[in-house]
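First the structure, in the form of structure tokens, and then the observations on it.
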Amino acid sequence: MNRLLASSVLATLAFASVARAENLIYNGSFESESAFSYGFALNWKMNDPDDHGDAWGSAARENWRAKTGEFLMAIRGTWANTGDFGGVWQEAEGRGNQSYRLTAWCWTDAGWTAKTQEMKLEFWNWDRTQLLGSAVHTLEDLGAEWKQRELIAVSPDGTEWVRVVFNVSGAGETGSLQLDDVVLEPSP
Ligand SMILES: [Ca+2]
């Protein structure tokens, strides 16, 4: 009986440990390349491998000064000739009335400017026709060192998908916003 109890406790502890480490985002470190291009990341590009992620505008996977591994996601200035806006998103299956925590490591080059730079949590219904709610964290006080940013929000009733968005508009000519180690997890 005691032995049974002990194994049950151990199993519970092991499960709790696994649950804490869970990242709902695939390829959050951008190490896996898209089948389409070196400049895109797997799971962060539409139809690669599914329709639950995408990149737009000036976003590009780069092998610069990654926080972890060799690659990061850069949203670049107009020097890249891809316009003054860009971003990436990915979504994971979720549920309503759950607190979600999004974290990401950010770096900006000296001279980088953008009118808008933010990370968002969006809560969508099952067929993703209705945006049920969202939360925004403006990315401020960044610089040429890695800094972690955090956004926590509770999903509304009816949430089936939790979408992570990094969005830049009004970028200047120089530098880029760089992202690495994106983690989305249920928070207690
Ligand atoms: Ca990385």
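Numbering (my numbering), first residue to last: 1 to 188. Even for Gly, the Cβ is constructed at its ideal location relative to N, Cα and C. For clarity, every value in this text was computed on a predicted model and none was experimentally measured.
For residue i, the first and last residue of its enclosing beta strand (DSSP E)
i, result
"Asp-105", "With the sequence shown as reference, residue 105 is identified as Trp, and Asp is not the correct amino acid for it. Residues 99-108."
"Arg-76", "72-76"
"Gly-86", "86-93"
Environment of residue i [buried if 16+ CB atoms lie within 10 Å]
i, result
"Tyr-38", "exposed"
"Gly-77", "buried"
"Ser-187", "exposed"
"Thr-138", "exposed"
"Ser-155", "buried"
"Glu-91", "buried"
"Gly-143", "exposed"
"Phe-36", "exposed"
Secondary structure of residue i, DSSP reduced to three states
i, result
"Trp-79", "helix"
"Leu-177", "strand"
"Ile-152", "strand"
"Ser-58", "coil"
"Trp-112", "coil"
"Gly-138", "The sequence given here places Thr at residue 138; Gly does not occur at that position. Correct three-state label for Thr-138: strand."
"Trp-161", "strand"
"Ala-35", "coil"
"Lys-67", "coil"
"Ser-29", "coil"
"Asp-127", "coil"
"Ala-41", "strand"
"Ala-144", "coil"
"Val-18", "Low local confidence applies: a pLDDT of 46 at Val-18 is under 50, so the model's placement there is unreliable, with the coordinate-based value given in what follows. Three-state result, Val-18: helix."
Expected contact under 8 Å - CB spacing of residue i and residue j to nearest Å
i, j, result
"Gly-189", "Thr-174", "This structure cannot speak to residue 189, because the chain is shown only from 1 to 188."
"Leu-132", "Tyr-100", "13 Å between Cβ atoms; not a contact."
Any residue whose CB is nearer than 7 Å to a heavy atom belonging to ligand 1, listed in chain order: Ser-29, Phe-30, Glu-31, Ala-66, Lys-67, Thr-68, Gly-69, Glu-70, Phe-71, Leu-72, Asp-180 and Asp-181
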